[in-house]
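Numbering (my numbering), first residue to last: 4 to 317.
Reading through the structure tokens given below for one structure.
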């Protein structure tokens with residue numbers, strides 16, 4: 004199945020230039036749009052454009068659509084009625100990292116975009132999926148119950164021939180969202196350190212095989228390698244075409260991909276800094292696993308010289 008056991012981060016949350024959309028052939032966009040249907044039919048939190056339009060009718064004014072892309076891309080064209088909340092903005096902190104900020108700050112951001120406890124929230128990005136997935140994970144941590152992801156984001160929306168709006172919708176009054184934090188969805192450095200000795204926990208590294216093996220080191224981390232004992236399954240393998248853009252694969256393909264992961268072990272996902280691991284979190288929850296995200300990921304771990312690092316199959 005392909006598992007291997009072998010301060011400041013704004014660029015890692017930067018969205019793909021919207022001009023790339025114009026370079027994707029119409030036929031490819033159409034095919035990508037058709038592939039997301041298997042999730043909609045399975046009744047998951049991954050929805051397709053048609054499912055979103057049906058949701059508008061069902062949820063009415065409880066529906067809140069959030070665009071996770073950069074503001075410039077949002078203003079050039081977004082889903083009708085969508086409000087802007089970039090992943091970079093949501094996860095920026097005064098200490099310069101892109102970790103989960105204090106709850107009261109996130110509460111204010113969500114209230115200002117009309118989110119209530121009974122809202123149905125749909126998130127999307129250009130088609131990377133991980134930007135929207137990180138906001139979905141954030142909402143899960145905050146205890147918001149009904150969160151969905153538009154599979155394939157703007158790519159799938161355009162493939163279905165759906166309209167876009169420009170500019171910004173009218174301002175909304177801050178609503179009454181009250182967080183109820185779910186700590187089991189968030190793993191800390193201590194949680195992960197203990198997981199190394201706990202057979203009931205499993206670490207899953209979703210970075211590239213080169214980063215995992217210590218053959219490649221990004222410039223903002225002092226050490227290469229991975230957390231000892233972690234398995235490796237690159238995040239790109241979740242996407243149709245296994246590139247960096249496109250819809251998430253159909254459910255059955257992912258059941259096969261993750262089929263050897265035991266259901267009786269709690270999984271902690273990590274990547275470079277929490278974005279791609281949030282997409283793996285969403286998929287694994289869809290497949291029935293108990294999952295948390297180590298938000299600090301390799302960036303935090305590698306900066307602590309007291310913590311061990313492994314390379315290759317260690």
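Positions of the beta carbon are idealized from the N, C-alpha and C atoms, including for glycine.
Asked: Residue 269 versus residue 169: straight-line alpha-carbon distance, rounded; Found: 43 angstroms
Asked: In DSSP terms, what residue 70 is bridged to; Found: 87 and 127
Asked: Alpha carbon of residue 54 to alpha carbon of residue 261, nearest angstrom; Found: 26 angstroms
Asked: Cβ-Cβ separation, residue 294 to residue 277 (assumed contact under 8 angstroms), whole Å; Found: Not quite, the Cβ-Cβ distance comes to about 13 angstroms (not below 8 angstroms), so this is no contact.
Asked: Those runs of the beta strand (DSSP E) which lie wholly inside the segment 201-286 and span at least 3 residues; Found: 204-208 and 269-273
Asked: Contact under 8 angstroms by Cβ, residue 132 with residue 251; Found: yes
Asked: Enclosing beta strand (DSSP E) for residue 161 [first to last residue]; Found: Here residue 161 belongs to no beta strand (DSSP E); instead the alpha helix (DSSP H) covers 156-162.
Asked: Residue 166 versus 83, 313, 275 and 96, residue with shortest Cα-Cα distance; Found: 83
Asked: Member of 116, 211 and 60 whose CA lies at the smallest distance from the CA of residue 237; Found: 211
Asked: Reference residue 308, options 225, 69 and 266, closest by Cα; Found: 225
Asked: For residue 229, the nearest candidate out of 120, 200 and 305 (CA to CA); Found: 305
Asked: Pairwise C-alpha distance: residue 63 and residue 215; Found: 45 angstroms
Asked: Residue burial classification, residue 89 (beta-carbon count within 10 angstroms, cutoff 16); Found: buried
Asked: Minimum C-alpha distance to residue 181 - residue among 140, 162, 160 and 122; Found: 122
Asked: Distance between residue 112 and residue 290 (C-alpha atoms, nearest Å); Found: 30 angstroms
Asked: Range of the contiguous beta strand (DSSP E) that encloses residue 113; Found: No beta strand (DSSP E) holds residue 113; the alpha helix (DSSP H) holding it covers 106-114.
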